[in-house]
Each structure stands twice: as structure tokens, then as C-alpha cells.
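Undergrad: I'd like to ask some things about the structure below.
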Amino acid sequence: MAVIQRRAMVVGLTALGAVPFGRAWANTPLEVLHGYTAGSVTGQVARFVGAVLASKGRPAPTLRAIPGDHGFAPVPAFLAGSAGSRILVADTLTLMMNGVAQGKLAEVERLVPIAKVTNGYSTALITGAKSGLKSWADVVSAARARGLKLAGSGRLSAYGPALAWVAAAAPGVTDVDAPGNDLIFEAVLSGTTAIGVVTTDSVAAVMARGGETPTVLATFGAARSASFPAVPTFAELMGDRQRDYTFSYSVFAPPGSSSSFVESIARDLAGPFPSDLVSSLGQLGARVAAGDAQLVRETMQRDLRVARSFL
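Residue numbers (the working numbering): 5 to 315.
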């Protein structure tokens, strides 16, 4: 039924004089907005999206970073701007968390999902040799006895659920802001903090370099990490299947965007992606995965459940 309705919509648009998908927007310069710095992971994903669109014969898009508010900063400007010439790249988890925390969920819900461009990124709870911790049981015991510091990038960042859940499950844990994986690793390995939360990919990369490496105590995906199959998930440790989350990147259009514009961008982002562009993301290369607008909506609903679990 959905396919029939969609085809009917296309016929209707054509009858009204609309140009078929992919033709009206082929020469329209696009602006790609995101809410972090150009060198951030989000900035790299935005650059990747722009390069993919350019590889489809479009003019090279302009990238516009509006850093701040854990990625939420560009949302008001994006909603207020003109439709048909701009798209937003964001991770849905921090969008939903900030929407809930700031009472701006209605703004997030006005965004028009186009496509998902990465699969879910899992996070890991790590410790260093100086902490003396070997397991989750050690974390709980030490937190109760003397308190523990947990390094992360803030409760409204993509590491927020892990920070909140760990602190709630191990009374005596307090989180300390250390924006960026490098600072978190430095804090944990130096013993400044006993534990930290980072992406599982970044742990594997640090281990591959050799030297002093962290110990992974738990991961936060629904299933065990392929990189650390012997490490339990936090959901396992808690005996609660709802204590899992990942974060991933999606592309949105402003409200009021025409169906032809949304379909045109979605088609160009449907994959497969050029291998040279995928490899340009470095460690993110294995994580690139195309998904449709319905998958974005489902991801947003899951992330809303996660956000409401601790906000």
C-alpha cells in the first residue's frame, strides 16, 4: 500500500508540472550543515555526505559548521532557513537527548528524515592499570568505598547514556568532562580518572598502536562487540535488555521540503558509496552503511527511549 501511495504521489507531482526526481535539483548548490567542528567525527561524516553528492554530478556542496550545544546548535537556523537548498547531518541520539533535555523535542520532530549513512557506533567503559580495577564488580565496590571519577564528554553528548547509567548503577561514581577521546584516554591511562567512556573503535585503534593500553570493562551495544567478544555488555551486567544504545549519523531536510528534493537526495545517498570516499573516513570506513528514511525514524524512536531513561 505504501508503494502504491508513493507512486500515486509521484504521478500527482508530475501532473502538477513538477520535474521528475533527480532532475530539478541536479544543479542546485547545496549547503550541508552540522553541529560540531570541521575536524570532528560529525564534520568528517558531513564532508563524506557532500563528497558523495558531488560524485553524483551535483555541484560541490558548501559545508557549514555551527558548533555547540552538543550538536544541537544548527537546528534552529536549519528550521528557519529556506527548503530545497540545505541538508543537516547529525547523530540522532544527541538530537533526541537535547530535544528532551531542553524541551525542544517538537523542533527535532519537524526535521524531515532523508537517509542514514552509518550504522550504530558502540561505546565502551574502560579503565587503566593505575586504577587497580579488573571488572565491573571492582567498579561498584571501589565506588562505594572511596568514590570514582568517570571521564566522558558530558551527559548530553553521545556518551551521555553510558555516563548516566554507570553513575546510577555504581553509587559513588561522578563524571568529569573531558571532551574528545584523546583527553579521555589520557585521563584514564594517567590515573587522573579511574574509568572512562569512549567508542569501541577508538579503543581498538589505541590497542593497535601498542604501549600502555586500556582494559575494556563493558560495552553498551545490544550485542557484544566484535572487537571485544569476551567483554560483557552493560545490558548483560544489569540483567536489563533496555540498557543498551548506539549512535549513528543521518541526513535531514528542513520542513517544507518538496518530495522531489527529498527523494533526489535519498537516491544519491542510497549507496553503494565510492570506495575512495569510504576510505577517506579512516577508522569510520567500516561503519559506513546506507539506510532509508524509515530506518532513521525507527532509530529516532529508539534513541528517544534511551534519552527518556535518564533525562
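Idealized CB from N, CA, C, for every residue including glycine. Predicted, not measured: the structure shown is a model, and the values here were computed from it.
Exposed or buried, what is A149 when buried is set at 16 or more other beta-carbons lying within 10 Å of its beta-carbon?
TA: By the 10 Å Cβ count, A149 comes out exposed.
Undergrad: Provide the residue(s) that pair with S254 in DSSP beta bridges, ordered along the chain.
TA: Beta-bridge pairing links S254 to A94 and K120.
Undergrad: Under the assumption that N123 contacts R228 (Cβ atoms under 8 angstroms), give the Cβ distance between them as a whole number of angstroms.
TA: At roughly 16 angstroms, the Cβ-Cβ gap does not stay under 8 angstroms, so N123 and R228 are not in contact.
Undergrad: Just the C-alpha distance for G136 and S264, rounded to the nearest angstrom, thanks.
TA: Rounded to the nearest angstrom, the two C-alpha atoms are 58 angstroms apart.
Undergrad: Does the distance from the C-beta atom of V300 to that of P117 stay below 8 angstroms?
TA: Taking 8 angstroms as the Cβ cut-off, V300 and P117 qualify as a contacting pair.
Undergrad: Which stretch, first to last residue, makes up the beta strand (DSSP E) that contains I199?
TA: Per DSSP, I199 belongs to the beta strand (DSSP E) from I199 to T203.
Undergrad: Count the other CB atoms within 10 Å of the CB of N225; is the residue buried (16 or more) or exposed (fewer)?
TA: In the sequence under discussion, the amino acid at residue 225 is Gly, which differs from the Asn named in the question. It counts as buried.
Undergrad: Determine the extent of the beta strand (DSSP E) in which I70 is found, giving its start and end residues.
TA: Note, I70: premise wrong, no beta strand (DSSP E); not H, not E.
Undergrad: How is A110 classed by DSSP in three states: helix, strand or coil?
TA: Three-state DSSP puts A110 in a helix.
Undergrad: In terms of alpha-carbon separation, which member of R306, T197 and M242 lies closest to K134?
TA: Of the listed residues, the one whose Cα sits closest to K134 is T197.
Undergrad: Within its chain, find whatever has a CB closer than 7 angstroms to the CB of S139; leave out the 5 residues flanking it on each side and keep chain order.
TA: Only L221 meet the Cβ criterion.
Undergrad: Of the residues V255, V144, G184 and G85, which one's Cα is nearest the Cα of L324?
TA: Residue 324 lies beyond the residue range present for the chain, which begins at 5 and ends at 315; the question has no answer from this structure.
Undergrad: Under a three-way DSSP split, which group does T217 fall into?
TA: Residue state, collapsed to three classes: coil.
Undergrad: Please return the same chain residues whose Cβ sits closer than 8 angstroms to the Cβ of V49, not counting the five positions on each side in sequence.
TA: Within the same chain, V49 has close Cβ partners H38, V93, V121, T122, Y253, L285 and L288.
Undergrad: Taking only the alpha-carbon atoms, compute the straight-line gap between F76 and G88 and give it to the nearest angstrom.
TA: Going by the C-alpha atoms only, they are around 21 angstroms apart.
Undergrad: My output table needs one value for K60: the three-state DSSP class, helix, strand or coil.
TA: If DSSP states are grouped into helix, strand and coil, K60 belongs with coil.
Undergrad: Within the same chain, show all residues whose beta-carbon is closer than 6 angstroms to that of P183, passing over the 5 residues directly before and after it, in chain order.
TA: Once the five neighbours on either side are set aside, the close Cβ partners of P183 are S157.
Undergrad: Can you have a look at S279 and say buried or exposed, based on whether 16 or more other CB atoms are within 10 angstroms of its CB?
TA: Burial call: exposed.
Undergrad: Taking DSSP as the reference, what is the three-state secondary structure of R27?
TA: With a pLDDT of only 48 at R27, under the threshold of 50, the placement of this residue in the model should not be trusted; the figure read from the coordinates follows. Reduced to three states, the DSSP call for R27 is coil.
Undergrad: Verify whether the separation of the beta carbon atoms of L97 and A162 is less than 8 angstroms.
TA: In contact: L97 and A162 (Cβ atoms closer than 8 angstroms).
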